[in-house]
Amino acid sequence: MSAIANLALQGTLLGGYYALLASGLSFLFGVMRIINLAHGSLAVVAGYALWFLAERLGIGPFVGILVVMPLMGLLGWILHRIIFERSMRAGDLVPILSTFGLATVADNVMFQKFGADTRSLAPYIDTFAYDSWQLPGDLYIGQLSVLVFGLAVVVLGGLHLLLARTSLGRQIRAAAEDPEAALLTGIDTRRIYGIATAIAVMTVALAGMALGMRATFDPYGGSQQLVFAFEAVVIGGAGSLWGTLVGGVVLGIAQSIGAQLNPQGFLIAGHAVFLVVLVARLYASDRLAGILRALRARTG
Amino acid sequence: MNPMQTSVHRWTRLSMTSVGIVLAAQAVLVAAPWLLDANAVDRLTTLFIYGILALMWNCLAGYGGLVSVGQQAFFGLGAYAAVRLAHAGLSVYPALLVAALLVAAVAVPIGLFMLRLRAGEFAIGMWVVAELAHLLVNLDQLVQGETGTSLIELNAYPADSRRALTYWAALAAMVGLAWLVFALLRGRLGSAVQAIRDNEDAAASVGVQVTAAKRTIFILSAFGCAAAGALWVATTISFQPKTYFSVQWTAYMIFMVLVGGIGTFEGPIIGAVLFFLVETFFGASGVWYMIGLGATALAFALLLPRGIWGTVERRFGIRLLPVGYFLTSRK
């Protein structure tokens, strides 16, 4: 019993990391309808930036993030100006190609700069990487995992509040719904998309920090992170922010269970759950469409 | 209404000449193992495999509107199936073809689901499929996880005849697939996929069977990529899952097709030759080479989305290998 409870707990906390990682991907997809294939690579870029600050300048990750987040935001704004904006205008295919090209460049530049060694931020946060609290029933939860989970909730909640309550959020929603109509009502969509990308990439900075603190990363680790983030988004339902949290948790629990079954089961179970959810959703939407058709035929 | 007299035609003097030249060149290439040294033959085999990958990825993205970043799934599975079949006692060279056919069969159910996804979702969904295929192949005892295995059955052939046979197999596969795509594009499927490429919704509204056309292309592309993977294992002999299921293959395919000209028939072939030359001269520079490839693909996507051949074709109105039509008014 306790083993199962432990599995569910650890899986859920792992899911918090995936939700944090996926929030930027989900947000950008919701606003601009593009899937940024460089998403995972950007998380690794943030990880290296924090590592660089800690290793070379002695600035710990918790302070370093205050520098790295605005820088990543700026990077996001620049990426929008030179890549995303032009790609979006050119149709559905170009954003995929251009962001894939960007990821290839980013991964290899990091390899050139930092070499093949895996890095971690864990050495720079004292014992926080493995400190844990004991719960009743012989359960332990890592303090870092709880922090990351909390961060995910704060980021997703923050994005939700931003969209629902603020004037900027209204403009973002308008631009997401219908860019041309938004432009007609005086919204500078170019500026809005730039800000949205900056916000998304700032959340990626937080994800990069979490990645580095709880595990190791290397220059080519971005693609794996992208796949995790994408799986969390799709499992939770694309474009829904709270769905992303659910998706992350489902992915985390599936991986934790898989890891118990086979050394390779960790990844296999995650991918399998993703595909099962995908197929189930397609099947369900077919069924729903069929039922609606039948109803319409009867009433019409 | 005064109907203007027009004529529709495909063949021009230029395109007839170029098809003739291509046929002649292919005939000459058959003789290469007798004329060139071992290294040159190996390099040409590599070029043909790149050609297959470019053709197949272009088919998928350029005509089907399906950008996949997971075609390495079929490349890796093709190589794996070849190793498995040879291990089971099938003669090596027939095994390459059977492997590609098997993978095409596996692609049928995969396509059924993945083709329901759109744009970016399809792209990265295929990546997940590739990751999963990689992990499942690793579970096979024969493969021994990332350690990999080799196509040891090739040792039955002396080095020279092995080199020549693999060369001919690669040449046959590339030429066969190229003419197959050429024939398909000139037929009913060609009109359908070119309509889908230009505007999917409009194509569907005039009665194009969008899903059926996409499915055909998806399976063809899986077959071609699997054949390329099987041929690759026949040239390098060793099979390490990590190398074969690497997303780097997708980076190569995107580079070749984008630079050559996406959605044109000639483009990917030009792209493959360019990629081959770039690799020959800069491949040794490792990381910078990959940075250059990524940056070039990015630049072409943003600045010259038609690629080299697409731009030439548009500017000068020429088609060397005619898969479209010319409409001219008759005086």
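Chains as they are written, first to last, in our numbering: chain A, 1 to 300; chain B, 1001 to 1331.
The C-beta atom is built at its ideal place from N, Cα and C for all residues, glycine as well.
Computed from a predicted model, the values in this text were never measured in an experiment.
- Residue range 1287–1303 is occupied by the alpha helix (DSSP H) that includes W1288(B).
- Nearest CB-CB separation between T244(A) and chain B: not below the 8 Å threshold.
- With 16 or more other Cβ atoms inside 10 Å of its own Cβ, M110(A) counts as buried.
- Looking from the CA of L71(A), the closest CA among V148(A), L226(A), A200(A) belongs to A200(A).
- Taking 8 Å as the CB threshold, F274(A) lines the interface with chain B.
- C-alpha of T12(A) to C-alpha of A1226(B): approximately 38 Å in a straight line.
- Contact residues of the region 1048–1074 of chain B toward chain A are A1061, G1065, V1067, V1069 (C-beta to C-beta distance below 8 Å).
- The continuous beta strand (DSSP E) containing G142(A) extends over residues 139–142.
- According to the DSSP assignment, H1087(B) belongs to the alpha helix (DSSP H) that extends over 1072–1087.
- The residue from A272(A), M69(A), A280(A), L74(A) with its alpha-carbon nearest to that of E231(A) is A272(A).
- DSSP places T185(A) in the coil class of the three-state scheme, outside both helix and strand.
- In the structure shown, V1067(B) falls within a coil segment according to DSSP collapsed to helix, strand and coil.
- By the C-beta criterion, the region 1151–1159 of chain B is judged not to be in contact with the region 1013–1032 of chain B, since fewer than 3 inter-stretch pairs fall below 8 Å.
- In the three-state reduction of the DSSP assignment, V1323(B) falls in the coil class, being assigned neither a helical nor a strand state.
- Secondary structure note for Q134(A): it is in no alpha helix (DSSP H), and the uninterrupted beta strand (DSSP E) holding it is 132–135.
- Chain-ordered listing is empty here: chain A has no CB closer than 9 Å to the CB of V1137(B), the nearest sitting near 11 Å.
- Interface with chain B (8 Å Cβ-Cβ cutoff): D117(A) is excluded.
- Between D1042(B) and the set D1198(B), K1214(B), R1163(B), G1070(B), the nearest pair of CA atoms involves R1163(B).
- Look at the region 1096–1117 of chain B: the residues with a C-beta under 9 Å from a C-beta of chain A are F1113, M1114, R1116, L1117.
- Annotation: the continuous alpha helix (DSSP H) that includes V1041(B) extends over 1038–1058.
- Annotation: the continuous beta strand (DSSP E) that includes T1006(B) extends over 1006–1009.
- Nearest CB-CB separation between L1293(B) and chain A: below the 8 Å threshold.
- When only Cα atoms are considered, P1109(B) and D1037(B) end up about 44 Å apart.
- The beta-bridge partner set that DSSP reports for F1239(B) consists of T1149(B).
- In the DSSP secondary-structure assignment, S120(A) is bridged to T216(A).
- Within chain B, the residues L1298, L1302 have their CB atoms less than 8 Å from the CB of I83(A), given in chain order.
- Around V1259(B), no beta-carbon contact reaches into chain A at under 8 Å, the shortest distance being about 11 Å.
- Interface with chain A (8 Å Cβ-Cβ cutoff): G1307(B) is excluded.
- Membership of R1118(B) in any alpha helix (DSSP H) is not indicated, and neither H nor E is assigned to it by DSSP.
- Going by DSSP, P1109(B) is part of the alpha helix (DSSP H) stretching over 1092–1114.
- Annotated three-state conformation of Q1248(B) is helix, per DSSP.
- Here G1260(B) is not near L1277(B), since their CB atoms are 8 Å or more apart.
- At least one beta carbon of chain A lies nearer than 8 Å to the beta carbon of V1247(B).
- Between the region 1093–1110 of chain B and the region 1225–1239 of chain B, the count of Cβ pairs shorter than 8 Å is three or higher; the stretches touch.
- The region 266–286 of chain A and the region 58–70 of chain A do not touch, with fewer than 3 CB-CB distances between them shorter than 8 Å.
- Between Q143(A) and L241(A), the alpha-carbon positions lie close to 25 Å from each other.
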